[in-house]
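These notes are about the structure you will find just below.
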Amino acid sequence: MSPFKPVKIDILTLFPEMFAGPFSNSILKRAQECGLIEINLINIRDFSANKHRTVDDAPYGGGAGMVMGPEALFGAVEHVLNTRGFDLLPGRVVLMSPQGRPFNQMLADKMARENNLVLICGHYEGVDERVRKELVTDEISIGDYVLTGGEIPAMVVVDAVTRLVPGVLGEAASATEDSFCGGLLEYPHYTRPREYRGMGVPEVLLSGHHEEIRKWRRRESLLRTLERRPELLRTAELTSEDKEILRRIKSSINELDLS
Ligand SMILES: C[S@@+](CC[C@H](N)C(=O)[O-])C[C@H]1O[C@@H](n2cnc3c(N)ncnc32)[C@H](O)[C@@H]1O
Numbered sequence: 151m152s153p154f155k156p157v158k159i160d161i162l163t164l165f166p167e168m169f170a171g172p173f174s175n176s177i178l179k180r181a182q183e184c185g186l187i188e189i190n191l192i193n194i195r196d197f198s199a200n201k202h203r204t205v206d207d208a209p210y211g212g213g214a215g216m217v218m219g220p221e222a223l224f225g226a227v228e229h230v231l232n233t234r235g236f237d238l239l240p241g242r243v244v245l246m247s248p249q250g251r252p253f254n255q256m257l258a259d260k261m262a263r264e265n266n267l268v269l270i271c272g273h274y275e276g277v278d279e280r281v282r283k284e285l286v287t288d289e290i291s292i293g294d295y296v297l298t299g300g301e302i303p304a305m306v307v308v309d310a311v312t313r314l315v316p317g318v319l320g321e322a323a324s325a326t327e328d329s330f331c332g333g334l335l336e337y338p339h340y341t342r343p344r345e346y347r348g349m350g351v352p353e354v355l356l357s358g359h360h361e362e363i364r365k366w367r368r369r370e371s372l373l374r375t376l377e378r379r380p381e382l383l384r385t386a387e388l389t390s391e392d393k394e395i396l397r398r399i400k401s402s403i404n405e406l407d408l409s
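Residue numbers for the sequence shown follow the working numbering, beginning at 151 and rising by one.
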């Protein structure tokens, strides 16, 4: 059993069966088996106020589509609070929403430190505004596009959060060197064979010289970030050595431009 307190994640959804594949394989499966995370799927329909188990209705004011009403969602969230034994709302009750705060590694890291997370998956045109105002502490978007429901966004969030929960990844270094950790993109990776279809591996990686390998990786990481996501460099944690490397990369690019 794990020495850590598990992160308890309650997911409120109309389609609990959608989670079976992603949550019962690989690292997510192991994290649950080791007691590092606890995932509880709650069918919102179980809290419907009518015998047909419907949870949606036409929007006031008219217009296309249906809206998830407040009764079942209030019932489901209150059920979670009672089951978990909270008097007050827990750390975060998150509504998955394209209108929410953009999800990123820093937010995943913060969420991995919570003891309890409640994720609400919307459907149709979304949820009644009173749910958002009264129950929700955070709204999270996984990108500027609209999906049919909040299930896939919730899976994305749970996956990204789980790998940051202490003890989940074998080597602590695996997460600390990932892209976005420290604000940079990660350096390139190589594995066996040493030569494949005429393509080799950078000599430095075969040298066994740890300090040279560290420097090469750092330079590649800075170069990649500069080429692909230069805006990240504004907020990345940069040492004076990093700044010097970047200065040299930029001046060699300028020289190439002039020649
Ligand atoms: C079809 S969408 C509703 C979109 C809503 N009418 C709007 O324009 O903002 C249905 C549900 O999918 C989820 N969803 C869709 N796109 C999402 C995104 N990019 N990030 C997070 N959740 C999303 C939300 O839970 C949302 O309530």
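Ideal Cβ positions, reconstructed from N, Cα and C, are used throughout, including at glycine. Small disclaimer: the values here were computed from a predicted structure and weren't measured.
Under the 8 Å Cβ criterion, the region 357 to 374 counts as touching the region 391 to 400, having at least three qualifying pairs. By the neighbour-count criterion, in which a residue is buried when 16 or more other Cβ atoms sit within 10 angstroms of its Cβ, arginine 282 is buried. Between leucine 314 and aspartate 259, the CB-CB gap stays under 7 Å. Taken in chain order, the complete alpha helix (DSSP H) segments of 4 or more residues contained in the region 284 to 330 are 301 to 312 and 322 to 326. DSSP, read as helix, strand or coil, puts arginine 251 in strand. One thing to note: proline 220 has its Cβ no nearer than 7 Å to the Cβ of aspartate 288. Excluding sequence positions up to five before and after valine 318, its CB lies within less than 7 Å of the CB of Ile177, Ala181, Leu186 and Thr312, all in the same chain and listed in chain order. DSSP, read as helix, strand or coil, puts threonine 163 in strand. Membership of asparagine 232 in the alpha helix (DSSP H) is indicated by the continuous run 220 to 234. By a beta-carbon distance limit of 8 Å, alanine 262 does not contact leucine 334. Their separation comes to about 20 Å.
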